[in-house]
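Visitor: A single structure is presented below for examination.
Residue numbers (my numbering): 2 to 192.
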C-alpha cells in the first residue's frame, strides 16, 4: 500500500505565505482544510441561477474558525519565547487558546465575564488545562484587564488584536480560491 502524506495543518500548507521560517516550531492540531459546500436550496428559493457555497469551519479542532488564527498566534508566541498566553473570551477564543497552548506545552490564562460564556466552550478550555479566571464585568472589561496584565507579566495576548491571528485566518480565503479555481464574485463573512 503506497504512503500518502497526511494533511499537517494550515501553516505547513501555506508556509510560503505566512510569517514563519524553516526553524519555526509549528503548533498545529490539523486545523484548516475544511469543506466548501455548495448550497442548492437558497439559489432555488431565490429563483436565481447562482452558485452559493459555505465554508464549514465547524470541522476545525475546537469547532470554529478561531483555530486558524490561534495556530499562528501560539506558533509565533512560542517562537518569541512565551511560556504563557492570555485572552478574554465568551466562548470560541477560550477553547482555541487552551487547546493550542496545551499542544505547545505552555499555560493559557482565560478571563471570562461572570456567567457570560458558552458552557461547551468553557468546558473545552478547562479540559485543555487553561487557568480560567471569572471576572465581574463584560467582555470589554475583561479585555482591558488582559491588556493591563500583559503590560506587567510575561504573557502573550492571543485575542484578535494579535496580528498573527489574522495571518492564520486569511488562509480560509486561500482554500476557497484553490477549490473554486479563482476568487469568488462575492465573499460574505458572518460576524
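Ideal Cβ positions, reconstructed from N, Cα and C, are used throughout, including at glycine.
These figures come from a predicted structure and were not determined experimentally.
#1: Beta-carbon within less than 6 Å of residue 31's beta-carbon, same chain only, minus the 5 sequence neighbours each way: which residues are those?
#2: At the level of alpha carbons, what is the spacing between residue 39 and residue 45?
#3: Secondary structure at residue 49, three-state DSSP: helix, strand or coil?
#4: Would residue 101 and residue 75 qualify as a contact pair, given that the criterion is a beta-carbon distance under 7 Å?
#5: On a Cα-Cα basis, can you pick out the residue from 179, 83, 58, 145 that is closest to residue 35?
#6: Does residue 31 have its Cβ less than 7 Å from a Cβ in chain C?
#7: In terms of residue numbering, what span does the alpha helix (DSSP H) encompassing residue 12 cover?
#8: Quick one: residues in its chain with C-beta nearer than 7 Å to the C-beta of residue 62, no 5 flanking neighbours on either side, listed in chain order?
#9: What is the DSSP secondary structure of residue 39, reduced to helix, strand or coil?
#10: Excluding five sequence neighbours on each side, which residues of the same chain lie with their C-beta closer than 7 Å to the C-beta of residue 12?
#11: Label residue 122 either buried or exposed according to how many other C-beta atoms from any shown protein chain fall within 10 Å of its C-beta, with 16 as the threshold for buried.
#12: Nearest to residue 176 by alpha carbon, out of 54, 43, 41?
#13: Using DSSP with H/G/I as helix, E/B as strand and the rest coil, what is residue 172?
#14: Quick check: residue 87 and residue 158, are their CB atoms within less than 7 Å of each other?
Guide: For this structure:
#1: Numbered from its first residue, the chain shown carries residue 31 at position 30. Correct list, in chain order: 10.
#2: Numbered from 1 along the chain shown, position 38 holds the residue referred to as residue 39. Numbered from 1 along the chain shown, position 44 holds the residue referred to as residue 45. Near 12 Å, if we compare the C-alpha coordinates of residue 45 and residue 39.
#3: Numbered from 1 along the chain shown, position 48 holds the residue referred to as residue 49. Three-state result, residue 49: coil.
#4: Counting from one through the chain shown, the residue named residue 101 turns up at place 100. Counting from one through the chain shown, the residue named residue 75 turns up at place 74. Yes. Within cutoff.
#5: Here residue 35 corresponds to residue number 34 of the chain shown, with the count starting at 1. Cα-wise, what sits closest to residue 35 is 58.
#6: Absent from the structure: chain C. Only one protein chain is present.
#7: Sequence index remark: in the chain shown, residue 12 carries index 11 (1-based). 11-14 is the extent of the alpha helix (DSSP H) around residue 12.
#8: Walking along the chain shown from the start, residue 62 turns up at place 61. 30, 31, 32, 68, 100.
#9: Here residue 39 refers to the residue found at position 38 of the chain shown. In the structure shown, residue 39 sits in a strand (DSSP, three-state: E or B).
#10: Working through the chain shown from its first residue, we reach residue 12 at position 11. Closer than 7 Å at the Cβ level, and outside the excluded window around residue 12, lie 19, 21, 27, 29, 72, 73, 76.
#11: The residue given as residue 122 occupies position 121 in the chain shown. Counting Cβ neighbours within 10 Å, residue 122 comes out buried, since at least 16 surround it.
#12: Here residue 176 refers to the residue found at position 175 when the chain shown is read from its first residue. Checked all of 54, 43, 41; the closest Cα to residue 176 is 54.
#13: As a working mapping, residue 172 is identified with position 171 in the chain shown. Three-state DSSP puts residue 172 in a helix.
#14: For this step, residue 87 is matched to residue 86 along the chain shown. For this step, residue 158 is matched to residue 157 along the chain shown. Closer than 7 Å, so yes.
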